[in-house]
Structures are given as structure tokens and as C-alpha cells.
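Read through the structure below, which is laid out as C-alpha cells, and then see the notes.
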Amino acid sequence: MAKVYALGVGPGDPELLTRKAERILREASVICAPSANPTDSSYALSIVEEFIDRSRQEIIVQTFPMKKEQKELEPFWENAADEAAELVRQGRDVAFITIGDPFLYSTFLYIYRLLLDRYPDVQVEVVPGITSINAAAIAAGVPLAAASERVAIIPAIFEGEDLRRVLLDFDTIVLMKVNRVFHKVYALLQELGLEKKGVFIRRVGSAEEEVVFDLETLLGKKLDYLSLLIVKK
Ligand SMILES: C[S@@+](CC[C@H](N)C(=O)[O-])C[C@H]1O[C@@H](n2cnc3c(N)ncnc32)[C@H](O)[C@@H]1O
26 MAKVYALGVG PGDPELLTRK AERILREASV ICAPSANPTD SSYALSIVEE FIDRSRQEII
86 VQTFPMKKEQ KELEPFWENA ADEAAELVRQ GRDVAFITIG DPFLYSTFLY IYRLLLDRYP
146 DVQVEVVPGI TSINAAAIAA GVPLAAASER VAIIPAIFEG EDLRRVLLDF DTIVLMKVNR
206 VFHKVYALLQ ELGLEKKGVF IRRVGSAEEE VVFDLETLLG KKLDYLSLLI VKK
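Sequence positions in the sequence shown follow my numbering and run 26 to 258.
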């Protein structure tokens, strides 16, 4: 029976794909790759390009614009779910590729919910991936947790008092999607005396990987969406 697969493709290095994800990717009839706008290439697709045979497999690059209002994104998720269900009903396996792991802040999660609700007859299999968090911690040489340490993972749109509480309460704090609010986060780290305890990691696992310990040097720069901050007290 044909299925929808959600494949975690890891953070950037093709060698960080699981053997299972690679096998399914090589076998799938259709590969759906996300992109933030129609003119951009898909980062997830760039990771797995070497496993795909374009003469035999169909690639669909789907646009999911970066919008704050979730309502505006619903039609894009609905189209993706409807298209996948239609292809599966035609007997074709469809593989959605997602950066890192599909169950960690991925766009696929919205499509997954729609598939379960609207198409209960369509089977969905999710294959875990190495998250950007795991790879970033290792690239920076900063263990996420030892012994009884506690870790918080938060999207950095979490601001002000909420962010302060998390920074005070946990031993390791991972801030995802930090690019747009970095200056505010840095100001708060300074206020709490934590500005030297953070490390910024960009495009981990790819040829453009950057690990920055001197956070001050990032102020005023346009930062990459594919970056995160680890604060380790
Ligand atoms: C929509 S979330 C996707 C997370 C992904 N599913 C995972 O498991 O890592 C996007 C955020 O993940 C982080 N991210 C994803 N890939 C990254 C990479 N290669 N290097 C650094 N951060 C990355 C960034 O914080 C980015 O804003």
C-alpha cells in the first residue's frame, strides 16, 4: 500500500540521515520539499540531492511562506495534504522531507494533523531525524545535559518576562528561530550576566556552518533563519 512518509533529513550533512530515511527517499515515487518562497531553493532538498534520481522520481517544491498569522498559512498546508492524499490514492509513495526531525517545530506537523483528520484511510509513517539542536550542541562542544541538569527548548519569539523566567530556571536553554530577535535576547542575557554563556550556531552540518562564542560580534548583523542559540550556565 502506498503511504505518506515524513522523513527527518537531519540538519545539513547528508551523512546524518538515518539508513531508513535514505532507503525510503531512494524508493519514493514523489518527494515533497519545503521552501519559504517560490524563488528560494529548498534547504532540505539540498541535503538529500545525492540520494534522488530525478529521471525516476518526481520532486515537488512546496512553498510555505514565513508568516506570523497561522490562518494565512492554512491554505498552503491544506493544498499539501490534499495533494499528498491524492497521490497516495493513485498508488504513489510520497516522502515529505523535513530539516532535522519531523516532530520538532516542523511545517510537516500541520500537514500531519490535516492528513489524520481528513484522510484517515491514508497511512502516514514518520521517520525520526537528528535535530539541529543535537548537531549544534556537538558542533559547539557544549553538552546539552549531564546528571540532573534541565534543558529548555523554546522558540525565541518567546520574549520578555517569559524568556527571563526560562533563562533563570533552566541549566541549558536552546533558543530556536533566534535570528529576528537576537538583539533583544542579547540584551536580556547581558542583564542576567549570561552573555558569555551563550553560543550561536548557524547552518550546522552544512558547508556554511558557523559557531560563534563572542555573541557581541553578531549585533547589528542580519542573521540567518537557520541558526540557534544555546545558553549553558
Ligand atoms: C522550523 S524549525 C525546524 C527544526 C527542525 N525540525 C529540527 O529538528 O531541528 C527551524 C529552526 O530550527 C533551527 N535550525 C534548523 N536547521 C538548522 C541548522 N542547520 N543549523 C542551525 N539551526 C537550525 C533554527 O533555529 C530554525 O529557526
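Backbone N, C-alpha and C define an ideal beta-carbon position, used for all residues, glycine too.
DSSP places Ile179 in the strand class (E or B) of the three-state scheme. Under the three-state reduction of DSSP output, Gln87 falls in the strand class. Counting C-beta pairs with one atom in each stretch, the segment 117-129 and the segment 63-77 have three or more that are closer than 8 angstroms, which means they touch.
For Val34, the Cβ stays outside the 7 angstroms cut-off from all heavy atoms of ligand 1.
DSSP lists no beta-bridge partner residue for Tyr211. Secondary structure at Val191: helix, using DSSP grouped into helix, strand and coil.
CA-CA distance, Pro168 to Glu83, rounds to 40 angstroms.
At least 8 angstroms separates the beta-carbon of Ile182 from that of Val152. For the pair Leu214 and Ala172, the Cα-to-Cα distance works out to about 25 angstroms. By the beta-carbon neighbour count (other beta carbons within 10 angstroms, threshold 16), Tyr250 is exposed.
Residue pairing of Leu200 in beta bridges, as defined by DSSP: Ile179, Leu254. Lys28 and Ser66 have their C-alpha atoms some 25 angstroms from each other. Shown here for Tyr144: same chain residues with a beta carbon closer than 6 angstroms to its own, the five before and five after excluded, namely Ala110 in chain order.
A distance below 7 angstroms between beta-carbons, with the five flanking residues on each side excluded, links Ala165 to the following residues of its chain, in chain order: Val224, Ile226, Val236, Ile255.
Ile155 carries a coil assignment under DSSP once its states are collapsed to helix, strand and coil.
Under DSSP, the beta-bridge partners assigned to Val224 are Ile255.
Using a cutoff of 7 angstroms, the CB of Tyr250 counts as near ligand 1, since one of the ligand's heavy atoms is closer than that. Contact between Ile136 and Ala105 holds: CB atoms are separated by about 5 angstroms, below the 8 angstroms threshold. The beta carbon of Leu192 sits closer than 8 angstroms to those of Ile198, Leu213, Leu214, Leu217, Leu219, Val256, all from its chain and outside the five residues before and after it, given in chain order.
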